[in-house]
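In our numbering, the protein residues as written are 8 to 296. For glycine and all other residues, C-beta sits at the position ideal for the given N, C-alpha and C.
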């Protein structure tokens with residue numbers, strides 16, 4: 008029986024499975040909040056298997072929504088080869104309306120903001136930092152979650168309290184503090200692990216939800232090349248942009264080729280998936296099956 012997704016994101020399709028959800032990571036690629044015309048073979052598998060790896064690694068800090076990635080335990084529709092490896096059955100959560108971004112290094116929009124006024128999302132930073140420099144401590148810079156087609160809005164920690172309070176009266180301050188503390192704890196553990204495997208996690212974003220008992224749980228994806236900036240430890244030096252294992256390669260090509268109609272050339276697509284696969288193998292020590 009064919010199933011229809013109840014929600015289609017830029018990259019994922021979500022199916023309702025009664026008391027659980029089934030998330031399929033497609034091979035679509037989005038840059039600058041636009042879905043490109045290309046697909047990237049095996050990208051969905053890398054996203055799903057990498058999330059699974061990190062979910063398993065961080066259970067001691069916080070539970071997550073993963074039930075299984077074994078399609079044999081899912082409805083028959085998902086047992087065809089096209090879903091194998093890229094599909095995850097998850098617990099249903101009430102998602103919290105924030106993107107929980109943590110930055111360990113100053114780059115991207117954080118660097119742009121720092122050059123302008125010495126802060127990143129209202130967080131005051133030391134003077135004299137150079138591009139791509141490691142911050143003394145990771146900083147938490149949340150944003151609102153936009154619908155497809157809109158842009159997420161960066162907000163301060165104080166604004167995140169008010170934002171959560173609107174949705175969960177009486178709980179704004181409690182949830183905001185827990186999200187910040189969990190985000191930083193998760194980042195620290197995973198960044199240390201990744202560094203020892205040759206990868207710097209410059210920044211990343213997490214999403215959280217509430218389970219049926221009101222506990223905060225990690226949802227969505229975790230520490231994938233889509234949600235994070237991964238740099239090689241080898242050759243890292245401050246003062247300029249770093250080569251990366253994520254879709255920065257695709258972003259850079261689009262930026263330097265205006266009028267590209269959101270289509271990447273074949274070699275850029277190939278280099279993008281090569282980067283994704285390389286990061287997966289370095290972090291997990293396994294080849295993608």
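Leaving aside the five residues that flank residue 136 on each side, the residues in its chain whose CB is nearer than 8 angstroms to its CB run, in chain order, 113, 121, 142. In this structure, DSSP gives residue 243 a state outside helix and strand, which the three-state scheme calls coil. In this chain, the beta strand (DSSP E) harbouring residue 37 covers 35–38. Excluding its 5 nearest sequence neighbours in each direction, residue 22 has C-beta neighbours in its own chain below 6 angstroms: 10, 12, 29, listed in chain order.
For the pair residue 101 and residue 261, the Cα-to-Cα distance works out to about 36 angstroms. C-alpha of residue 111 to C-alpha of residue 209: approximately 5 angstroms in a straight line. Uninterrupted alpha helix (DSSP H) stretches at least 4 residues long and entirely within the region 228–294 occur at 255–263, 273–291, given in chain order. Judged by DSSP in its simplified three-state form, residue 55 adopts helix. In the DSSP assignment, residue 23 falls within the beta strand (DSSP E) that extends over 19–23. DSSP places residue 172 in the uninterrupted alpha helix (DSSP H) bounded by 164–174. If you draw a straight line from the Cα of residue 91 to the Cα of residue 118, it comes to about 39 angstroms. Note that the region 30–42 touches the region 259–279; at least 3 beta-carbon pairs, one per stretch, sit closer than 8 angstroms. Distance check between residue 73 and each of 218, 245, 265 places 218 closest, using alpha-carbon atoms only. According to the DSSP assignment, residue 180 belongs to the alpha helix (DSSP H) that extends over 179–203. For residue 119, the enclosing alpha helix (DSSP H) begins and ends at 115–124.
Per DSSP, the beta-bridge partners of residue 210 are 110, 236. Sequence-distant partners of residue 185 (beyond 5 residues in either direction) whose C-beta falls short of 7 angstroms from its own C-beta, in its chain, are 223. For residue 33, the closest C-alpha among the options 53, 130, 24 is that of 53.
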